[in-house]
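Asker:
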Amino acid sequence: LLYMIFYYGVIPGLIADATLLLNIFFLFGILASFQAVLTLPGIAGIVLTMGMAVDANVLIYERIREELKAGKNLAKAIGEGYSNALSAIIDGQMTTLITGIVLVYFGTGPIQGFATTLIIGIVTSVFTAVLVSRLIFERIAKREKEMYIPFTTRITRNWFQNTNIDFVKLRKVAYVLSGTIIAIAIVSLSTRGMKQGIDFSGGRNYVVRFEQPVNADDVRETLSHVFGDAQTSVITMGNENQVRISTNYAVAENNDSIDSKIETLLFNGLKPYFTEGVTQNMFVERYVVKNGVRELSKEDSNESNFGIQSSQKVGPSIADDIKTSAVWAILLSLVAIGLYILVRFRNWAFSAGAIVALAHDVLIVLGVYSLFYTIMPFSLEVDQSFIAAILTVIGYSINDTVVIFDRIRENLHLYPKRNLEKQINHSINTTLSRTFSTSFSTLIVLIAIFIFGGETIRGFVFALLLGIFVGTYSSVFIASPIMYELR
């Protein structure tokens, strides 16, 4: 909210903020009408929608600034600014919508919640930014005919104005840099592999609540030898006294005796964290503390209970199905986006440039997760949430690329005899302000979720943060140069 006022001035900033708040109001209203269950990934979808909703306002404001700079009055600049920004807004949001639809189709549980929220958010964002804000501006321009709104401030007036960077000339440096990083990523993926979550490897999840706050790292250390060589992970779940313990111990076996054995191993391993009077039955069935006395929890009890809160088994065959669906989801997103761009831009070079850039982004994010899963202080597991993050990165990155491609297409139509290299450089330079504003405002949002969102969502948000940097870079230094080479 503050950034929009800082960058575009008080009146445009406040109008953008008002439409953003209205967008959130509509989003919550629609979710409530669907009686949707609000999960952590769903909340992430809402907050990410806030970040991406700013993009439509930024595109419109940048276009209005250009029209004002060309000497047009406020009413004329507003009309043409909205008209010129519309194709970029529709193309950008449609490509993100494609990834959302793929997620709804292939995802399960929380991922569907995230995707549903994202899809609703895209629709409400376009409605509020394109229609509601335009009505407000046209009313202002009609009533205050002599009024001049610069859509900038004293500080930001000259930001990214008259830049003349030769991006096409820098493409070979980018090729070497990206090629080196991707080569390292492929070597790491081939040798180290990735830390697969229970969704992909199969196993059991237990959410356990303790009477006192516990440290997830200490619990992980305590359980490190309980399940032998099996993979075991522990992350904090919302509160400091609740953790999720995941293990793929005896994942191929599926009977009551092995479940009972794992519960026994878990109870014995976690004994140091429970009071002496807690039995295994109390641990498994949950217990409450009344006047200092511990007793089994009644099913209709509303009191805070302790022990195993929930357990979930993911068999190897289900894990393989989830993995296959994830791969298809990513491939189908890339193909669908490529076809959409081919239809919209009527030239296969645009589609090829976009697909190469997206494949570049996915490989780098996968490589970072492969290289650093043993180093990072938070979980870098590859599970369904990670796939949701990859698809969101694809949606965000293509949104960025499409805005540049849209400007290149426009300039090719306006100046058909101009050298292609100059066309591309001019198009990227004129959209730099939009690229910065959108990336920065989305980063603000993601950093907020990363810090305050809790352990369960930190790995997911890390993938998105990484994707913002890589996606912004690839849209400028990979997608456009590849399109240039092929043209």
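Position in the sequence shown counted from 1, then plus 4, gives you our numbering. Glycine included, every Cβ here is placed at the ideal spot set by N, Cα and C. Remember, it's a predicted structure, so these values are computed and weren't measured experimentally.
1. Can you give the beta carbon distance from residue 60 to residue 133, rounded, assuming they're within the 8 Å contact cut?
2. Let's test the definition: count the other Cβ atoms within 10 Å of the Cβ of residue 135 and tell me whether it reaches 16, buried, or not, exposed.
3. Could you work out which residue in 373, 105, 58 is closest to residue 387 when comparing CA atoms only?
4. Nearest to residue 185 by CA position, among 474, 491, 485, 383, is which residue?
5. I'd like the span of the alpha helix (DSSP H) that includes residue 207, first residue to last.
6. Would you decide whether residue 2 is buried or exposed? Buried here means 16 or more other CB atoms lie within 10 Å of its CB.
7. Between the beta-carbon of residue 199 and the beta-carbon of residue 385, is there less than 7 Å?
8. How do the stretch 19-33 and the stretch 51-70 stand: do at least 3 beta-carbon pairs fall below 8 Å, yes or no?
9. Once you ignore the five residues that flank residue 397 on each side, which residues in its own chain have a CB closer than 7 Å to its CB?
10. Would you tell me roughly how many angstroms separate the C-alpha atoms of residue 331 and residue 393, rounded to the nearest one?
11. Smallest Cα separation from residue 391: which of 97, 72, 169, 203?
12. Measure from the alpha carbon of residue 125 to the alpha carbon of each residue in 95, 276, 49, 179, then state which is nearest.
13. Under DSSP, the alpha helix (DSSP H) around residue 316 begins and ends at which residues?
14. With residue 481 and residue 171 assumed to form a contact (beta carbons below 8 Å), what rounded beta-carbon distance in angstroms separates them?
15. Span of the alpha helix (DSSP H) holding residue 7?
16. Please report the distance separating the alpha-carbon of residue 47 from that of residue 291.
17. Just confirm the distance between the C-beta atoms of residue 193 and residue 145, as a whole number of angstroms; I'd bet it's less than 8 Å.
18. For residue 300, which residues does DSSP report across the bridge?
19. Please report how far the alpha carbon of residue 157 lies from the alpha carbon of residue 11, in whole angstroms.
20. From the DSSP output, which residues share a beta bridge with residue 200?
21. Taking only runs of the alpha helix (DSSP H) that begin and end inside the stretch 13-93, which ones reach a length of at least 4 residues, in chain order?
22. What are the boundary residues of the alpha helix (DSSP H) that includes residue 275?
Answerer: Based on what the coordinates show:
1. To locate residue 60, count along the sequence shown from 1; it is residue 56. To locate residue 133, count along the sequence shown from 1; it is residue 129. 4 Å between Cβ atoms; contact.
2. Residue mapping note: residue 135 aligns to position 131 of the sequence shown, counting from 1. Counting C-beta atoms within 10 angstroms of its own C-beta, residue 135 has fewer than 16 neighbours from the protein chains shown and is therefore classed as exposed.
3. The count along the sequence shown starts at 1 and reaches residue 387 at position 383. Closest option to residue 387, Cα to Cα, is 373.
4. As a working mapping, residue 185 is identified with position 181 in the sequence shown. Nearest C-alpha to residue 185: 474.
5. Taking the sequence shown and counting its residues from 1, one reaches residue 207 at position 203. Counting along the chain, residue 207 falls outside any alpha helix (DSSP H), though it belongs to the beta strand (DSSP E) covering 207-213.
6. In the structure displayed, the chain extends from 5 to 491; residue 2 sits before or after that span and is not available.
7. Here residue 199 is taken as the residue at index 195 of the sequence shown, counted from 1. Here residue 385 is taken as the residue at index 381 of the sequence shown, counted from 1. For residue 199 and residue 385, yes; Cβs fall inside 7 Å.
8. Because the criterion of three Cβ pairs below 8 Å is met, the stretch 19-33 and the stretch 51-70 touch.
9. Taking the first residue of the sequence shown as 1, we reach residue 397 at position 393. Here residue 397 has 365, 369, 467, 468, 471, 475 as same chain residues with Cβ atoms under 7 Å from its own Cβ, once five neighbours each way along the sequence are excluded.
10. The residue you call residue 331 lines up with position 327 of the sequence shown. The residue you call residue 393 lines up with position 389 of the sequence shown. Rounded to whole angstroms, the separation of the alpha carbons of residue 393 and residue 331 is 13 Å.
11. Residue mapping note: residue 391 aligns to position 387 of the sequence shown, counting from 1. Checked all of 97, 72, 169, 203; the closest Cα to residue 391 is 203.
12. Sequence index remark: in the sequence shown, residue 125 carries index 121 (1-based). 49 is the residue among 95, 276, 49, 179 whose C-alpha sits nearest the C-alpha of residue 125.
13. Residue mapping note: residue 316 aligns to position 312 of the sequence shown, counting from 1. Residue 316 -> not in any alpha helix (DSSP H); beta strand (DSSP E) instead, spanning 311-318.
14. If you number the sequence shown from 1, residue 481 lands on position 477. If you number the sequence shown from 1, residue 171 lands on position 167. Here residue 481 really is in contact with residue 171; their C-beta atoms are around 7 Å apart, less than 8 Å.
15. Within the sequence shown, numbered from 1, the residue matching residue 7 stands at position 3. Judged by DSSP secondary structure, residue 7 falls within the alpha helix (DSSP H) whose first and last residues are 6-12.
16. Working through the sequence shown from its first residue, we reach residue 47 at position 43. Working through the sequence shown from its first residue, we reach residue 291 at position 287. Their Cα atoms are separated by approximately 30 Å.
17. In the sequence shown, the residue the question calls residue 193 occupies position 189. In the sequence shown, the residue the question calls residue 145 occupies position 141. About 55 Å; that fails the 8 Å criterion.
18. Stepping through the sequence shown from its first residue, residue 300 is reached at position 296. DSSP lists 291 as partners of residue 300.
19. The residue given as residue 157 occupies position 153 in the sequence shown. The residue given as residue 11 occupies position 7 in the sequence shown. So the two alpha carbons sit approximately 6 Å from each other.
20. The residue labelled residue 200 in the question sits at position 196 within the sequence shown. In the DSSP output, where bridge partners are listed per residue, residue 200 has 386.
21. Every alpha helix (DSSP H) stretch that sits fully inside the stretch 13-93 and reaches 4 residues is listed by chain position as 14-37, 44-73.
22. Counting from 1 along the sequence shown, the entry for residue 275 is found at position 271. Membership of residue 275 in any alpha helix (DSSP H) is not indicated, and neither H nor E is assigned to it by DSSP.
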